[in-house]
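Working notes, structure below.
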Amino acid sequence: MGACIMRSLKLLPVLILLGTSAALAQSPTFGLGRTPTTQEVRAWDISISPTGLELPPGQGTAAQGARVYRLRCARCHGSDGTEGRAPRLVKRERPADTHPWNLGRILPIRAPYATAVWDYINRGMPLNREGTLSADEVYQLTALLLHWNELIAEDEVMDPKSLPLVIMPNRDAWAALPDWTPGMPRLLGYPH
Amino acid sequence: MGSKQPDRRAFLKRGAALAGGLTLGGVESAVGPEPASGQSVEDQSVEPDDYSTPELIAYGKRSRHVTSVREPVNGRPSPDEFGLVFHIGTPLQDQVGAITPSSLHYFGTTRGSIVPEIDPAEHRLMIHGMVDRELIFTMDELKRLPSVTRLHFIECAGNRSSSRHRTIIESHGMTSCAEWTGVLLSTLLEEAGVQEGGTWIVAEGIEEVKGASSLPMAKAMDDIIVAYAMNGEPLRPQQGFPLRIVVPGFEGILSVKWLRRIKVVDQFYMTYNDYGHLRRDSDDAALSYQIGPKSVITVPSGGQQLPGMGFYEVRGLAWSGGGAVARVEVSTDGGESWFAADLRGTPQRMAHTAFSFDWTWDGSETVLLSRCIDEIGQVQPTREQVAEFWGRPGVRGQDNSIQPWRVESDGSVHNAIA
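Chains as they are written, first to last, in my numbering: chain A, 167 to 358; chain B, 284 to 701.
Right, dumping it as structure tokens:
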């Protein structure tokens with residue numbers, strides 16, 4: 167950490183110099199490309215980190231989400247998220263087995279972070295009308311799915327601060343991918 | 284040069300005459316009255332006029348006698364009731380050599396997708412996040428950068444054989460191999476300057492779901508290609524026109540198409556594509572990441588019919604996500620004896636390698652097998668070995684198990700998975 171700060175301090179004068187010509191910056195070796203504007207970056211920066219870094223301003227509750235759901239989702243997912251042609255959104259009642267991997271491939275159950283639910287709805291829904299939900303509506307629908315699966319209360323407000331704090335059932339039950347390095351076998355001992 | 288001019292003029296004149304002939308075809312045609320509809324031309328024998336159609340001059344078509352086509356995987360309608368196109372398999376039984384023709388390359392999407400219509404003049408690639416210099420490139424700028432041209436397969440992690448599959452297109456059709464041209468992602472990342480702590484990238488497309496995948500920086504700096512061409516021409520729309528990444532040897536979904544953005548980040552981002560590919564078990568997860576050593580006999584394969592006993596060249600394809608194919612072995616007696624197959628050309632890293640084996644069939648029932656050994660020593664397992672590893676029947680993770688084809692005494696060929 168100390169080394170990082172030292173490094174940053176050393177770079178400071180360079181950064182100040184760069185700041186004046188940032189709008190004209192090109193790649194150093196080939197002199198191609200340009201610096202994107204802040205607006206350009208913000209418009210495309212839609213992959214949401216588990217920490218919620220990229221979440222836009224907005225908020226919503228499950229109660230508000232119920233209205234948006236009726237208008238935008240119920241046609242395919244059914245009136246309560248358990249029927250319809252599209253995938254089920256609510257876990258099945260299985261009192262004997264509450265392990266998230268035994269409750270089916272249901273978005274709010276399988277997703278390890280609540281931010282993944284927001285991300286999925288924001289980029290992928292409604293089918294063939296992607297990109298037509300406002301940020302508030304995505305917060306509202308995320309809150310509704312979390313409430314239906316008994317993860318938050320009906321009046322709990324989801325926003326950029328509260329959403330990443332929701333502890334999801336699959337938070338620690340998924341397997342990380344291997345720490346990949348070039349030339350490694352995919353799995354030692356498989357199957358010999 | 285000057286002496287060539289008269290020839291060229293003569294050719295142009297001849298071309299004009301042929302074009303004229305085409306419009307007068309109804310009068311001059313030797314086959315009789317002009318068909319009421321252009322469609323029925325298909326049914327006629329080939330006349331000289333057919334060689335002058337604008338279609339054949341501008342962009343060549345294959346012979347009308349060659350009918351090999353792709354098929355929707357597992358009989359799932361495509362497009363489906365939502366109008367979405369799902370996985371479509373390559374007719375491997377007809378493939379000759381290592382390269383899959385672009386028109387026959389398998390096609391898969393995250394959840395089903397409508398192929399976007401993208402104007403390359405408007406398309407941009409942004410490199411941002413934990414970099415010293417955020418950059419945005421036009422397609423023309425990307426094409427000015429140093430490029431590479433490499434042969435790589437792309438295989439869907441869902442490409443798994445089962446006893447239900449009758450033909451190779453069903454059991455193995457979701458792998459294809461093309462010659463890809465583009466800029467190494469490492470070139471672009473070095474231009475942008477990756478900051479300390481930048482350990483992952485998120486690659487994202489521009490299509491309706493903005494399909495995105497997380498990839499480790501080690502892979503990004505190793506061999507990922509930001510590709511704009513395949514098999515000598517721009518990418519096909521289904522393959523990501525005008526820009527995609529090719530992630531050599533990793534499961535197909537990671538090779539993000541219609542690419543518009545690379546973000547350098549500090550952790551696995553659990554994006555749209557990543558979420559759907561989570562695994563509970565770490566061994567299972569590892570097997571879904573890098574494709575294992577794999578091979579399959581394409582001729583003879585399920586659904587084919589041998590006309591009789593005698594000589595056959597057994598043919599197939601081998602590949603591995605671990606590097607180049609080192610060796611392929613073939614058994615024509617159900618696995619009792621194995622012999623080295625002939626490899627076509629020099630095997631390339633993470634690329635299909637065609638192989639062949641001379642075989643004289645004595646007319647008795649037998650089972651044909653092939654297995655791939657790659658350059659890092661990984662050996663393609665049998666389904667029995669895989670079941671033993673997991674302690675239960677079936678194949679978990681990406682399936683690279685040995686495919687058995689049973690040849691009956693009547694010459695019919697069947698999938699021999701029990």
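From the three backbone atoms N, C-alpha and C, an ideal C-beta is built for every residue, glycine too.
- Of all residues in the stretch 269 to 280 of chain A, those with a C-beta nearer than 9 Å to a C-beta of chain B are 271, 273, 276, 277, 278, 279, reading in chain order.
- Residue 346/B sits away from residue 374/B, with the two beta carbons spaced by 9 Å or more.
- When rounded, the separation of the alpha-carbon atoms in residue 222/A and residue 203/A is 17 Å.
- Below the 7 Å Cβ cutoff, chain A contributes 352 as neighbours of residue 575/B, in chain order.
- Interface annotation, residue 228/A: not in contact with chain B, CB-CB separation never under 9 Å.
- No Cβ-Cβ contact shorter than 9 Å links residue 685/B with residue 609/B.
- Not a single CB atom of chain A sits nearer than 9 Å to the CB of residue 341/B.
- Proximity of chain A to residue 501/B at the Cβ level (cut-off 9 Å) is accounted for by 345, 346, 347, 348, in chain order.
- The C-alpha of residue 628/B is placed about 9 Å away from the C-alpha of residue 381/B.
- Contact between the stretch 399 to 419 of chain B and the stretch 641 to 660 of chain B is absent: fewer than 3 CB-CB pairs across the two stretches fall below 8 Å.
- A direct Cα-Cα distance of roughly 37 Å separates residue 553/B from residue 653/B.
- Residue contact check for residue 207/A against chain B: a CB pair falls below 9 Å.
- Contact between residue 403/B and residue 525/B holds, since their C-beta atoms are separated by about 4 Å, short of 8 Å.
- Relative to the Cα of residue 680/B, the nearest Cα in the group 688/B, 689/B, 687/B, 670/B belongs to 670/B.
- Every alpha helix (DSSP H) of 4 residues or more that sits fully in the stretch 451 to 485 of chain B is shown, in chain order, as 451 to 455, 468 to 475.
- For residue 460/B against residue 370/B, the beta-carbon gap comes to about 17 Å, at or over 8 Å, which does not count as contact.
- Distance between residue 486/B and residue 522/B, taken at the CA atoms: about 15 Å.
- Membership of residue 426/B in any beta strand (DSSP E) is not indicated; the residue belongs instead to the alpha helix (DSSP H) covering 422 to 427.
- Put simply, the CB of residue 382/B is far from chain A, with every gap to its CB atoms at 9 Å or more.
- At the C-beta level, residue 573/B and residue 534/B come within 9 Å of one another.
- For the 9 Å CB-CB criterion, residue 218/A and residue 330/A form a contact.
- In this structure, the beta-carbon distance from residue 561/B to residue 581/B does not fall below 9 Å.
- Between the alpha carbons of residue 350/A and residue 530/B lies a distance of about 15 Å.
- DSSP links residue 334/A through a beta bridge to no other residue.
- In the three-state DSSP reduction, residue 242/A falls in the helix class (H, G or I).
- Looking from the CA of residue 664/B, the closest CA among 452/B, 618/B, 630/B belongs to 618/B.
- Residue-level contact by beta carbon fails for residue 305/A and chain B, as no gap is shorter than 9 Å.
- Rounded to the nearest whole angstrom, the CA to CA distance from residue 290/A to residue 307/A is 13 Å.
- Residue 348/B counts as exposed, since fewer than 16 other beta carbons sit within 10 angstroms of its beta carbon.
- Around the beta carbon of residue 511/B, 16 or more other beta carbons sit within 10 angstroms, so the residue counts as buried.
- Segment contact: the stretch 545 to 552 of chain B against the stretch 403 to 419 of chain B, three or more CB-CB distances shorter than 8 Å; contact assigned.
- Among the residues of chain B, those whose CB is under 7 Å from the CB of residue 296/A are 491, 492, following chain order.
- By the Cβ-count criterion, residue 647/B is exposed, with fewer than 16 other Cβ atoms from all chains shown falling within 10 Å of its own Cβ.
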